[in-house]
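Please read the structure below before turning to the comments.
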Amino acid sequence: MRVETVRKSGDERRHPEAQAKRVGLVVMPSEVPSRAKVHKLDWAIDETRSSTRSSKLEGMTSEQQHSTSEIDQDDSDSTQGNEENGIQVEGSVSKSIAMERDDSLPPKPASEVEALTNGVTKQIIREGHGNSPSQGSTCFLHYRAWTEMTMHKFDDTFQEQRPLELVLGQEKTVQRGLAIGVASMKAGESALFHVGWELGYGEEGNFSFPNVPPKADLIYEIDLIGFEDAKEGGKPRSQMTVEERIDAADRRRAEGNQLFKDDKIEAAIQQYEMALAYMNDDFMFQLFGKYKDLADAVKHPCHLNMAACMLRLNRYEEAIAQCSVVLQENGNNVKALYRRGKARAALNRTDEAREDFKKLQTLAPEDTSVVKELRSLAEHDKQLYMKQRELYKGIFGPSPPAVSPQRRRWYWALWSWVIARAGFLFRWRNEKDD
Numbered sequence: 000m001r002v003e004t005v006r007k008s009g010d011e012r013r014h015p016e017a018q019a020k021r022v023g024l025v026v027m028p029s030e031v032p033s034r035a036k037v038h039k040l041d042w043a044i045d046e047t048r049s050s051t052r053s054s055k056l057e058g059m060t061s062e063q064q065h066s067t068s069e070i071d072q073d074d075s076d077s078t079q080g081n082e083e084n085g086i087q088v089e090g091s092v093s094k095s096i097a098m099e100r101d102d103s104l105p106p107k108p109a110s111e112v113e114a115l116t117n118g119v120t121k122q123i124i125r126e127g128h129g130n131s132p133s134q135g136s137t138c139f140l141h142y143r144a145w146t147e148m149t150m151h152k153f154d155d156t157f158q159e160q161r162p163l164e165l166v167l168g169q170e171k172t173v174q175r176g177l178a179i180g181v182a183s184m185k186a187g188e189s190a191l192f193h194v195g196w197e198l199g200y201g202e203e204g205n206f207s208f209p210n211v212p213p214k215a216d217l218i219y220e221i222d223l224i225g226f227e228d229a230k231e232g233g234k235p236r237s238q239m240t241v242e243e244r245i246d247a248a249d250r251r252r253a254e255g256n257q258l259f260k261d262d263k264i265e266a267a268i269q270q271y272e273m274a275l276a277y278m279n280d281d282f283m284f285q286l287f288g289k290y291k292d293l294a295d296a297v298k299h300p301c302h303l304n305m306a307a308c309m310l311r312l313n314r315y316e317e318a319i320a321q322c323s324v325v326l327q328e329n330g331n332n333v334k335a336l337y338r339r340g341k342a343r344a345a346l347n348r349t350d351e352a353r354e355d356f357k358k359l360q361t362l363a364p365e366d367t368s369v370v371k372e373l374r375s376l377a378e379h380d381k382q383l384y385m386k387q388r389e390l391y392k393g394i395f396g397p398s399p400p401a402v403s404p405q406r407r408r409w410y411w412a413l414w415s416w417v418i419a420r421a422g423f424l425f426r427w428r429n430e431k432d433d
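So for the sequence shown, numbering that gives the first Met the number 0 puts the first residue at 0; every next one is plus one.
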């Protein structure tokens, strides 16, 4: 099965940090991995579907037992760059993240306007790659939608973190303009579309959700994550069995791992996103027993591997969010704790980072990489204190010199003599008046 992948810029995926549940630190002895296993588990990209596979990992060789700044290339944290606050700074792969624009309004691309049909125009924001989807293809996309007259944003899948699954040729009537736009795109492409009301919500509009006035022309900002052609076996999630959805997600996870090994980090992220599209909240809520375990064994590695990719790209807030999703369900996941701690440290959130590393230290007390990170945080705090002390010294001036004990005794004797002399003069004055 061919799956088109994408490259999406970091400022277009905003994931607020999930609030991880506080869980107990007590674990059974069998749950505490050995130092060698924890070291490998902390760093390696998840390659298998089993979430309990740590007990099957072989001991590391002497070449693998290196410092935390020199890890094997399978792991998403591997780098040969410089360290800053305990976080590896990528050289070849890192990308500068542009300032986030105000997504309450549509973007203003500089590209030429292309008329697709009588009611749909297109402007490319970011070029894609490969072919365009054909009729019957299952497409995964993010989009934002506005009414053109009032610029009211009435839908945003980026904010909801739920990609839309759209089967070309089976779209709803209100999605006709959206489908025309998607059919013109390539995987990884981002574009802006103006859609006439005839191909949108029509003459009557929509007064439930989303709220769209009558005869409202629409603006769509669409990001095509990827698609599957119908002739290659792609079909909507609603027509898949539980096993098929889990297998489809696992294939994308494996493809993402391979792309990561090929140093195609953005494309790997998109494969993980497509995998998670099969593991959405509605689907996971219905699972229990062995099916829940099988789904978690795919879903959790996807979140962790996305976090590893985000660390490679210095997108630390997104890395924190991905790890927190896993920690909500498994508060003792060592990879999630380690990577979230790294990301928090990179953002100078040292207290929160220390909390993650200290909890990880209780799970793996002999792991030297955790000790190294805690030392790095302590050194960072020390340097910050020294800078603050120098700053305050410059504001308030140097402190007065300390008075020696001998000089203090002279001051006390002089003050006592002055008091005694003043008392003598006061009594003499009173006697003279009498």
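Just so it is clear, CB atoms sit at the ideal spot from N, CA and C, and this is done for glycine as well.
In this structure I245 does not touch E188 by the C-beta definition: roughly 29 Å separates them, more than the 8 Å allowed.
With contacts defined as CB atoms closer than 8 Å, V119 and I179 qualify as a contacting pair. M385 and I319 have their C-alpha atoms spaced approximately 29 Å apart.
In the DSSP assignment, H299 falls within the alpha helix (DSSP H) that extends over 289-311. Per DSSP, the unbroken beta strand (DSSP E) holding S189 starts and ends at 189-194.
The beta-carbon separation of A276 and E203, rounded to 31 Å, does not stay under the 8 Å limit for a contact. Around D155, the same chain offers R143 as residues with beta carbons nearer than 7 Å, after the five sequence neighbours per side are excluded. If you check the CB distance, D222 and L140 come in under 8 Å.
The shortest CA-to-CA distance from Q270 to any of N256, S237, L191, V211 is the one to N256. Relative to D101, the option among M150, K121, C138 whose CA is nearest is M150. Burial state of R338 is buried, judged by a 10 Å Cβ sphere holding 16 or more other Cβ atoms.
Contact check for R252 against C301 passes: the beta carbons are separated by less than 8 Å. As the crow flies, the alpha-carbon of G199 is around 15 Å from that of S207. In the three-state DSSP reduction, L286 falls in the coil class, being neither helix nor strand. For F226, the uninterrupted beta strand (DSSP E) run begins and ends at 217-227, by DSSP.
The Cβ neighbour count for M148, taken over all protein chains shown within 10 Å, is under 16; the residue is labelled exposed.
V333 is bridged by DSSP to nothing; it lacks a bridge partner. In this structure, the straight-line span from the alpha carbon of E272 to that of A190 is close to 19 Å.
Sixteen is the threshold: since fewer than 16 other Cβ atoms of the shown chains lie within 10 Å of the Cβ of V417, the residue is exposed. Looking from the CA of P132, the closest CA among H193, F226, A109 belongs to F226. Here the region 332-347 makes contact with the region 366-382; the two share three or more CB pairs at distances below 8 Å. Put simply, the backbone Cα of F284 is about 22 Å away from that of N304. Rounded to the nearest whole angstrom, the C-alpha separation of A248 and A306 is 17 Å. Secondary structure at V173: helix, using DSSP grouped into helix, strand and coil. Here G127 is buried: its Cβ has 16 or more other Cβ atoms, across all protein chains shown, within 10 Å. Residue G195 holds the alpha-carbon nearest to the alpha-carbon of K214 among A186, G330, G195. Setting aside the 5 residues that flank it on each side, R348 has no residue in the same chain whose C-beta is closer than 7 Å to its C-beta. For R143, no alpha helix (DSSP H) run applies; the uninterrupted beta strand (DSSP E) run containing it begins and ends at 137-146, by DSSP.
Taking K171 as reference, the option from Q321, E159, G201, Q405 with the minimal CA-CA separation is G201. Classified as exposed, L424 has fewer than 16 neighbouring CB atoms from the shown chains inside 10 Å of its CB.
Between V173 and P235, the C-beta spacing is not below 8 Å. Ranking G176, A377, K289 by CA distance to the CA of A352 puts A377 first.
For P108, same chain residues with a beta-carbon under 7 Å away, outside a window of 5 residues either side, are Q122, I123, I124, L191 in chain order. Note on K298: 16 or more other CB atoms within 10 angstroms of its CB, so buried under the neighbour-count rule.
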